[in-house]
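Visitor:
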Amino acid sequence: MAFKVFKYLPKRNVVAWNAMLGGLAMHGRGKLVLDIFPKMIEEAKPDDLTFMAVLSACSHSGLVDQGYHYFRSLESEYGRTPKIEHYACMVDLLGRAGHLEEAVMLIKKMPMCPNEVVLGSLLGSCNAHGKLQLGERILQELIQMDRHNTEYHVLLSNMYVLEGRQDKANSLRQILKSKGIRKVPGVSSIYVGGNIHHFSAGDKSHPLTKEIYHALNNMIQRLRLAGYVPNTTNQVFPGSDGREGSSEEMEEKEQALFLHSEKLAVCFGLISTKPGAPLYIFKNLRICQDCHSAIKIVSKIYNREIVIRDRNRFHCFKHGSCSCSDYW
Numbered sequence: 001m002a003f004k005v006f007k008y009l010p011k012r013n014v015v016a017w018n019a020m021l022g023g024l025a026m027h028g029r030g031k032l033v034l035d036i037f038p039k040m041i042e043e044a045k046p047d048d049l050t051f052m053a054v055l056s057a058c059s060h061s062g063l064v065d066q067g068y069h070y071f072r073s074l075e076s077e078y079g080r081t082p083k084i085e086h087y088a089c090m091v092d093l094l095g096r097a098g099h100l101e102e103a104v105m106l107i108k109k110m111p112m113c114p115n116e117v118v119l120g121s122l123l124g125s126c127n128a129h130g131k132l133q134l135g136e137r138i139l140q141e142l143i144q145m146d147r148h149n150t151e152y153h154v155l156l157s158n159m160y161v162l163e164g165r166q167d168k169a170n171s172l173r174q175i176l177k178s179k180g181i182r183k184v185p186g187v188s189s190i191y192v193g194g195n196i197h198h199f200s201a202g203d204k205s206h207p208l209t210k211e212i213y214h215a216l217n218n219m220i221q222r223l224r225l226a227g228y229v230p231n232t233t234n235q236v237f238p239g240s241d242g243r244e245g246s247s248e249e250m251e252e253k254e255q256a257l258f259l260h261s262e263k264l265a266v267c268f269g270l271i272s273t274k275p276g277a278p279l280y281i282f283k284n285l286r287i288c289q290d291c292h293s294a295i296k297i298v299s300k301i302y303n304r305e306i307v308i309r310d311r312n313r314f315h316c317f318k319h320g321s322c323s324c325s326d327y328w
């Protein structure tokens with residue numbers, strides 16, 4: 001809809017173009033951004049925000065070669081000196097694509113010191129690609145910038161779990177607890193019937209809690225029949241020693257996953273809207289891998305379009321797939 005409105009604007013200046021390019025980038029439409037960029041140059045002069053949108057589009061769509069091209073053309077073709085925001089986009093692009101060594105080299109060549117955005121992006125990529133040693137080093141630098149940001153510690157904790165070192169993960173969380181640093185709780189919000197409804201993990205405060213949990217049990221059963229297997233990889237339980245868990249512990253981990261705020265919001269949407277109606281959900285943190293996999297299947301078995309805006313991007317789930325192409 002936004003793109004249709006944009007096409008019929010009588011005059012499209014750089015502000016309108018930047019808004020359109022940025023919106024497409026956030027929705028994983030990187031190739032479309034690159035397709036229409038030449039038209040943008042005909043109508044307006046690209047600025048720093050334009051190239052941030054283009055580089056972000058490349059990042060969210062895994063277009064590494066194209067990203068390099070536009071990053072270099074910033075200065076060579078358009079006479080603009082890359083700013084730290086452009087470097088941050090490139091570090092994000094390289095990190096998402098698994099080119100962490102290239103990302104580190106780029107940071108070393110930056111004419112300015114890396115900020116929290118640059119290093120935080122690299123840490124997230126370390127988590128996604130299992131680069132524990134690099135992640136530990138980056139965390140120490142980030143702590144010097146913001147020692148109270150729990151997200152960085154959680155990312156490193158997840159890396160420890162992936163490496164089978166739950167003792168280290170538990171130790172890290174105990175350090176946070178002793179310093180009075182608390183993890184930001186995940187909250188999912190859904191707009192239904194003119195009101196915004198908020199859910200946290202395991203939430204039972206909603207007036208329709210009984211109906212929501214009944215729908216959740218039904219949804220889990222249908223998910224399992226469709227081949228869904230809970231992803232307990234990053235689940236950390238206090239007291240775990242890092243060894244293979246018992247069947248009881250695995251069941252407890254699975255139950256914890258079922259109660260994530262995204263799933264509760266989806267279930268509320270399913271029982272509170274007409275069949276086939278789209279659901280729109282906002283999540284204050286990054287959607288986890290398990291919820292992402294589960295909601296893809298939900299969109300297919302319930303024939304629903306489910307749009308979730310997490311802290312990184314929009315995810316449009318439809319017919320069993322996501323607009324991010326599992327690249328986020």
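Throughout the sequence shown, residue numbering follows UniProt numbering, covering 1 to 328 in sequence. Note that the Cβ used here is the ideal one computed from N, Cα and C, for glycine as well. Keep in mind that this is a model prediction, so the values were computed, not measured.
1) For C89, which of helix, strand or coil comes out of DSSP?
2) Within this structure, are the beta carbons of V118 and V91 separated by less than 7 angstroms?
3) Take the Cβ of S61 as the centre, count every other Cβ of all protein chains shown within 10 Å, and call the residue buried at 16 or more, exposed below.
4) Using only alpha-carbon positions, find the residue among S171, H260, H129 that is nearest to S188.
5) Short of 8 angstroms in beta carbon distance, which residues of its chain neighbour I196, apart from the five on each side in sequence? Order them along the chain.
6) Using the beta-carbon count (16 or more within 10 Å), is Y160 buried or exposed?
7) Beta carbon of K296, beta carbon of G269: below 7 angstroms?
8) Looking at the structure shown, is V229 part of a helix, part of a strand, or coil, going by DSSP?
9) Buried or exposed: where does M1 fall if 16 or more other Cβ atoms within 10 Å of its Cβ makes it buried?
10) For a test of the three-state rule: what should DSSP assign to S321, helix, strand or coil?
11) Using a 10 Å radius around the Cβ and a threshold of 16 neighbouring Cβ atoms, would you call M105 buried or exposed?
12) Taking its Cβ as the centre, do 16 or more other Cβ atoms sit within 10 Å of A277, making it buried, or is it exposed?
13) Taking DSSP's pairing of strands, which residues face K204 in a bridge?
14) Using only alpha-carbon positions, find the residue among H292, H206, R72 that is nearest to L223.
15) Are the segment 133-150 and the segment 300-318 touching by the rule of at least three beta carbon pairs closer than 8 angstroms?
Guide: Let's see:
1) Shown here, C89 sits in a helix according to DSSP, grouped into three states.
2) Cβ distance < 7 angstroms, so V118 and V91 count as in contact.
3) Label assigned to S61: buried.
4) Nearest C-alpha to S188: H260.
5) Answer for I196: S189, I190, listed in chain order.
6) Y160 sits buried, since 16 or more C-beta atoms from the chains shown fall within 10 Å of its C-beta.
7) Result no, Cβ atoms of K296 and G269 do not sit closer than 7 angstroms.
8) Assignment of V229 by DSSP, reduced to helix, strand and coil, places it in the coil class.
9) Counting every other CB atom within 10 Å of its CB across the protein chains shown gives M1 a total below 16, marking it as exposed.
10) DSSP, reduced to helix, strand and coil, places S321 within a strand of the structure shown.
11) M105 is exposed by the Cβ-count criterion.
12) If you draw a 10 Å sphere on the C-beta of A277, you find fewer than 16 other C-beta atoms in it, and that means exposed.
13) Residue pairing by DSSP places K204 in no beta bridge whatsoever.
14) Residue H292 is the option with its Cα nearest to L223.
15) Flag = no, the segment 133-150 and the segment 300-318 do not touch.
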